[in-house]
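Taking our numbering, the leading residue of the sequence shown gets 1, the next gets one more, and so forth.
Ideal placement from N, C-alpha and C gives every residue a C-beta, glycine not left out.
Working notes for the structure below.
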Amino acid sequence: MEAIKWRSLFLLEDTCNIAEANYLKNPSDADNLTIWGSALLQLSRFQNDQESKKMIKDAISKLEEALVTDSIKHDALWLLGNGFTNLALMAPDSNEIKGYIDKASECYQKLLRVDPGNKNYIRSLERLKKISKKKGSDLEKYAIFGWIILIVGIFTWFGMAK
């Protein structure tokens, strides 16, 4: 298990380095920005809370930049919603939690307007509603569930991209 964790970590760091190099060549490549944001979100799992928040915010920045080029890029919008959801789970006070939940909800609702039957989008919005009702240690369970959904979605996305 530990070897898999380290391989994942190196692969994600390599993905970020490649995306950064590609960004220097073409800063408006929405696909590259989405891949970079996705890798940063996944890498944030391996960090302490402070570094994780920083990495998630960096991922959000990349994803928002991708959406400037392609405003309804499904994968970027879904990952952006997941980033805001993860920040909500890490936020210390209810006002900050609500702000992140509102932003994540906006992302998921935009996606559902375009693809109303998508189960990943529906589950993400349902999970978000549950999170908004939870406090304290219950949030940790939802954070783990969120990471599982994110990873499954990313593997699905990569599979569809091939």
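With 16 other Cβ atoms within 10 Å as the buried cut-off, status of residue i
| i | result |
| --- | --- |
| Gly153 | buried |
| Lys135 | Legend: pLDDT at Lys135 = 49, less than 50; position of this residue unreliable, no value from coordinates given. |
| Trp6 | exposed |
| Lys73 | buried |
| Ser137 | In this predicted model, Ser137 has a pLDDT of only 48, less than 50, meaning its place in the structure is not dependable; the value taken from the coordinates is given anyway. Ser137 comes out exposed. |
| Ile4 | exposed |
| Ile97 | buried |
| Phe10 | exposed |
| Asp42 | In the sequence under discussion, the amino acid at residue 42 is Gln, which differs from the Asp named in the question. With 16 or more other Cβ atoms within 10 Å, it is buried. |
| Ile56 | buried |
| Ile168 | Here the chain covers residues 1 to 162 and nothing more, so residue 168 does not appear. |
| Gly146 | buried |
| Ser124 | buried |
| Asp75 | buried |
Of the residues the options, the one placed nearest residue i, counting alpha carbons only
| i | options | result |
| --- | --- | --- |
| Lys133 | Lys110, Leu89 and Glu106 | Leu89 |
| Ser28 | Ser44, Asp75, Asn48 and Leu67 | Leu67 |
| Cys16 | Phe46, Lys103, Asn120 and Asn32 | Asn32 |
Boundaries (first-last residue) of the alpha helix (DSSP H) holding residue i
| i | result |
| --- | --- |
| Gln42 | Ala30 to Leu43 |
| Gln109 | Ser94 to Val114 |
| Asn118 | That residue, Asn118, is in no alpha helix (DSSP H); it is neither H nor E in DSSP. |
| Lys5 | Glu2 to Lys25 |
| Asp75 | His74 to Met90 |
DSSP state of residue i mapped onto helix, strand, coil
| i | result |
| --- | --- |
| Gln50 | helix |
| Ile154 | helix |
| Ser61 | helix |
| Ser71 | coil |
When you compare the region 28 to 39 with the region 62 to 81, are there three or more beta-carbon pairs, one atom per stretch, that lie closer than 8 Å?
yes
Give a yes or no on contact between the region 75 to 95 and the region 104 to 117, applying the rule of three or more CB pairs nearer than 8 Å.
They touch, by the three-pair rule.
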